[in-house]
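Counting with this note's numbering, you get residues 200 to 410 for the letters of the sequence shown. Positions of the beta carbon are idealized from the N, C-alpha and C atoms, including for glycine. Input: a single structure, listed below in C-alpha coordinates.
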Amino acid sequence: MANSLAQRPISDARIGRWLEELAESDGNPGGGAAAALMLAAAAALMSMSGGYVSASGTAQPELTGLLARAKQLRLDALAMADRDARASAEFGVAYAQPASEQRDRHLAQACLQAAKSSAALGALAMTALDDLRWLSQHAKPQLVADVATTLGMLSAVLKAASSNLRYDLSQLASGPAQVKHAGLWDTAASLDRAMQNAGELAARIDARIKR
(Lines of atoms letter the chains of each structure in order from A; the text may use other names.)
(Lines give C-alpha, C1' and ligand atoms only; values in the text may rest on other atoms or scores of the structure.)
Protein backbone atom coordinates (compact mmCIF):
# COMPACT_ATOMS: atom_id res chain seq x y z
CA MET A 200 0.00 0.00 0.00
CA ALA A 201 1.37 3.38 -0.94
CA ASN A 202 1.88 5.53 2.12
CA SER A 203 -0.66 8.28 1.50
CA LEU A 204 -0.02 9.90 4.88
CA ALA A 205 3.71 10.41 4.48
CA GLN A 206 3.36 13.92 3.09
CA ARG A 207 0.94 15.36 5.63
CA PRO A 208 1.10 15.91 9.39
CA ILE A 209 -0.24 13.23 11.68
CA SER A 210 -2.47 15.89 13.26
CA ASP A 211 -4.38 16.03 9.97
CA ALA A 212 -4.90 12.25 9.77
CA ARG A 213 -7.67 10.08 11.15
CA ILE A 214 -6.21 7.82 13.82
CA GLY A 215 -7.68 4.66 12.29
CA ARG A 216 -6.13 5.44 8.92
CA TRP A 217 -2.78 6.27 10.49
CA LEU A 218 -2.79 2.96 12.34
CA GLU A 219 -3.46 1.19 9.05
CA GLU A 220 -0.33 2.84 7.68
CA LEU A 221 1.60 1.83 10.79
CA ALA A 222 0.54 -1.77 10.25
CA GLU A 223 2.13 -1.83 6.78
CA SER A 224 5.63 -3.31 6.44
CA ASP A 225 7.35 -0.24 5.09
CA GLY A 226 8.61 1.36 8.30
CA ASN A 227 7.02 4.75 7.62
CA PRO A 228 5.59 5.40 10.12
CA GLY A 229 7.44 3.07 12.46
CA GLY A 230 7.98 2.38 16.12
CA GLY A 231 9.43 5.78 16.95
CA ALA A 232 6.45 7.58 15.42
CA ALA A 233 4.11 5.25 17.31
CA ALA A 234 5.90 6.11 20.55
CA ALA A 235 5.57 9.82 19.78
CA LEU A 236 1.84 9.39 19.20
CA MET A 237 1.63 7.60 22.55
CA LEU A 238 3.39 10.55 24.17
CA ALA A 239 0.82 12.89 22.64
CA ALA A 240 -1.96 10.73 24.07
CA ALA A 241 -0.27 10.75 27.48
CA ALA A 242 -0.09 14.54 27.33
CA ALA A 243 -3.79 14.68 26.50
CA LEU A 244 -4.56 12.52 29.54
CA MET A 245 -2.45 14.85 31.67
CA SER A 246 -4.56 17.75 30.48
CA MET A 247 -7.76 15.85 31.23
CA SER A 248 -6.68 14.83 34.74
CA GLY A 249 -5.28 18.26 35.49
CA GLY A 250 -8.50 19.89 34.36
CA TYR A 251 -10.32 18.27 37.27
CA VAL A 252 -7.87 19.51 39.90
CA SER A 253 -9.22 22.15 42.26
CA ALA A 254 -6.20 24.29 43.09
CA SER A 255 -5.89 27.42 45.16
CA GLY A 256 -3.13 29.55 46.63
CA THR A 257 0.36 28.63 45.48
CA ALA A 258 -0.96 25.49 43.79
CA GLN A 259 -2.95 27.51 41.25
CA PRO A 260 0.01 28.84 39.23
CA GLU A 261 1.58 25.37 39.38
CA LEU A 262 -1.58 23.87 37.89
CA THR A 263 -1.78 26.60 35.25
CA GLY A 264 1.80 25.89 34.24
CA LEU A 265 1.18 22.15 34.14
CA LEU A 266 -1.82 22.52 31.85
CA ALA A 267 0.11 24.83 29.51
CA ARG A 268 3.04 22.42 29.36
CA ALA A 269 0.75 19.43 28.76
CA LYS A 270 -0.87 21.18 25.81
CA GLN A 271 2.50 22.10 24.33
CA LEU A 272 3.79 18.57 24.93
CA ARG A 273 0.86 17.16 22.98
CA LEU A 274 1.59 19.42 20.03
CA ASP A 275 5.34 18.81 20.17
CA ALA A 276 4.85 15.05 20.35
CA LEU A 277 2.66 15.06 17.25
CA ALA A 278 5.35 17.03 15.42
CA MET A 279 7.90 14.52 16.70
CA ALA A 280 5.87 11.68 15.21
CA ASP A 281 6.16 13.30 11.79
CA ARG A 282 9.89 13.91 12.28
CA ASP A 283 10.52 10.30 13.25
CA ALA A 284 8.47 9.01 10.33
CA ARG A 285 10.68 11.03 7.98
CA ALA A 286 13.82 9.65 9.63
CA SER A 287 12.45 6.14 9.29
CA ALA A 288 11.70 6.72 5.62
CA GLU A 289 15.25 7.93 5.01
CA PHE A 290 16.61 4.81 6.65
CA GLY A 291 14.41 2.64 4.44
CA VAL A 292 15.64 4.40 1.30
CA ALA A 293 19.27 3.99 2.33
CA TYR A 294 18.81 0.34 3.30
CA ALA A 295 17.22 -0.49 -0.06
CA GLN A 296 20.26 0.70 -2.05
CA PRO A 297 22.65 -1.85 -3.57
CA ALA A 298 25.67 -2.64 -1.42
CA SER A 299 28.36 -0.02 -1.89
CA GLU A 300 30.42 2.49 0.02
CA GLN A 301 27.86 5.12 -0.87
CA ARG A 302 25.10 2.95 0.64
CA ASP A 303 27.16 2.55 3.81
CA ARG A 304 27.55 6.31 4.06
CA HIS A 305 23.83 6.85 3.52
CA LEU A 306 23.00 4.22 6.13
CA ALA A 307 25.33 5.79 8.66
CA GLN A 308 23.76 9.19 8.08
CA ALA A 309 20.27 7.74 8.32
CA CYS A 310 21.18 5.96 11.57
CA LEU A 311 22.55 9.17 13.00
CA GLN A 312 19.40 11.10 12.10
CA ALA A 313 17.25 8.33 13.56
CA ALA A 314 19.34 8.40 16.74
CA LYS A 315 18.88 12.16 17.03
CA SER A 316 15.14 11.75 16.54
CA SER A 317 14.97 9.07 19.26
CA ALA A 318 17.03 11.23 21.61
CA ALA A 319 14.76 14.20 21.01
CA LEU A 320 11.68 12.09 21.69
CA GLY A 321 13.19 10.77 24.90
CA ALA A 322 14.19 14.23 26.05
CA LEU A 323 10.68 15.47 25.35
CA ALA A 324 9.13 12.61 27.32
CA MET A 325 11.39 13.27 30.30
CA THR A 326 9.99 16.78 30.66
CA ALA A 327 6.64 15.32 31.76
CA LEU A 328 7.92 13.41 34.79
CA ASP A 329 7.87 16.27 37.28
CA ASP A 330 4.39 17.32 36.20
CA LEU A 331 3.13 13.75 36.55
CA ARG A 332 4.66 13.59 40.01
CA TRP A 333 2.77 16.77 40.95
CA LEU A 334 -0.41 15.47 39.37
CA SER A 335 -0.17 12.19 41.28
CA GLN A 336 -0.26 14.21 44.50
CA HIS A 337 -3.06 16.60 43.56
CA ALA A 338 -5.39 14.64 41.26
CA LYS A 339 -8.83 13.72 42.53
CA PRO A 340 -8.92 10.17 43.96
CA GLN A 341 -11.21 8.94 41.19
CA LEU A 342 -8.62 10.04 38.62
CA VAL A 343 -5.56 8.38 40.15
CA ALA A 344 -5.99 5.44 37.78
CA ASP A 345 -5.87 7.85 34.85
CA VAL A 346 -2.64 9.31 36.21
CA ALA A 347 -1.28 5.76 36.49
CA THR A 348 -2.30 5.10 32.90
CA THR A 349 -0.55 8.27 31.78
CA LEU A 350 2.59 7.23 33.63
CA GLY A 351 2.47 3.77 32.05
CA MET A 352 2.30 5.33 28.61
CA LEU A 353 5.14 7.70 29.44
CA SER A 354 7.26 4.79 30.69
CA ALA A 355 6.66 2.95 27.42
CA VAL A 356 7.73 6.02 25.46
CA LEU A 357 10.92 6.33 27.51
CA LYS A 358 11.70 2.65 26.90
CA ALA A 359 11.00 2.94 23.19
CA ALA A 360 13.18 6.03 22.85
CA SER A 361 15.99 4.35 24.78
CA SER A 362 15.85 1.13 22.77
CA ASN A 363 15.70 2.90 19.42
CA LEU A 364 18.49 5.29 20.40
CA ARG A 365 20.81 2.53 21.56
CA TYR A 366 20.13 0.45 18.46
CA ASP A 367 20.77 3.34 16.11
CA LEU A 368 24.01 4.22 17.91
CA SER A 369 25.10 0.58 17.81
CA GLN A 370 24.89 0.69 14.02
CA LEU A 371 27.48 3.43 13.92
CA ALA A 372 31.14 2.57 14.33
CA SER A 373 32.31 1.93 17.88
CA GLY A 374 35.35 3.46 19.60
CA PRO A 375 35.98 6.99 18.31
CA ALA A 376 32.40 7.27 17.08
CA GLN A 377 31.12 6.69 20.60
CA VAL A 378 33.16 9.67 21.74
CA LYS A 379 31.98 11.69 18.76
CA HIS A 380 28.35 11.06 19.69
CA ALA A 381 28.86 11.32 23.44
CA GLY A 382 25.87 13.64 23.80
CA LEU A 383 23.56 11.00 22.41
CA TRP A 384 25.02 8.37 24.74
CA ASP A 385 24.47 10.78 27.62
CA THR A 386 20.82 11.03 26.62
CA ALA A 387 20.59 7.23 26.67
CA ALA A 388 21.93 7.23 30.24
CA SER A 389 19.46 9.95 31.21
CA LEU A 390 16.63 7.84 29.81
CA ASP A 391 17.72 4.94 32.03
CA ARG A 392 17.49 7.19 35.09
CA ALA A 393 14.14 8.56 33.96
CA MET A 394 12.74 5.04 33.57
CA GLN A 395 13.89 4.22 37.09
CA ASN A 396 12.23 7.37 38.44
CA ALA A 397 9.05 6.56 36.54
CA GLY A 398 9.05 3.06 38.00
CA GLU A 399 9.40 4.39 41.53
CA LEU A 400 6.56 6.85 40.97
CA ALA A 401 4.38 4.09 39.49
CA ALA A 402 4.98 1.95 42.58
CA ARG A 403 3.81 4.77 44.84
CA ILE A 404 0.69 5.33 42.74
CA ASP A 405 -0.07 1.60 42.67
CA ALA A 406 0.19 1.51 46.47
CA ARG A 407 -2.50 4.19 46.67
CA ILE A 408 -4.77 2.33 44.25
CA LYS A 409 -4.43 -1.01 46.07
CA ARG A 410 -5.24 0.33 49.53
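Shortest Cα-Cα distance from Leu383 to any of Gly321, Met245, Arg302, Ser255 involves Gly321. Non-local C-beta neighbours of Gly215 in its own chain, meaning closer than 8 angstroms and more than five positions away in sequence, are absent.
Check the Cα spacing between Arg268 and each of Asp345, Ala243, Ser287: the tightest is with Ala243.
For the options Ser361, Ala397, Met352, His337, the alpha carbon positioned closest to that of Gln259 is the one of His337.
Distance between Leu371 and Gln395, taken at the CA atoms: about 27 angstroms. Taking a cut-off of 8 angstroms on C-beta distances, the segment 335 to 350 does not touch the segment 302 to 310, as fewer than three cross pairs fall below it. By the C-beta criterion, the segment 226 to 239 is judged to be in contact with the segment 281 to 293, since at least 3 inter-stretch pairs fall below 8 angstroms.
Only exposed fits Val292, as fewer than 16 other CB atoms lie within 10 angstroms of its CB.
Here Glu300 is exposed, its C-beta having fewer than 16 other C-beta atoms within 10 Å. Per DSSP, the continuous alpha helix (DSSP H) segment holding Thr348 begins and ends at 343 to 369.
Out of Thr348, Ser287, Leu353, Ala314, the CA that lies nearest to the CA of Ala276 is found in Leu353.
In this structure Val356 is not in contact with Ile404, their Cβ atoms being roughly 17 angstroms apart against a cut-off of 8 angstroms. In terms of CA proximity to Ala360, Ser316 leads the group Thr348, Ser316, Glu223, Thr349. Residues Leu204, Ile209, Pro228, Leu236 of the same chain have their beta carbon placed closer than 8 angstroms to that of Trp217, with the five preceding and five following residues left out of the count.
Within its own chain, the residues whose Cβ lies closer than 6 angstroms to the Cβ of Ala401, once the five positions on either side in sequence are excluded, are Leu350, listed in chain order.
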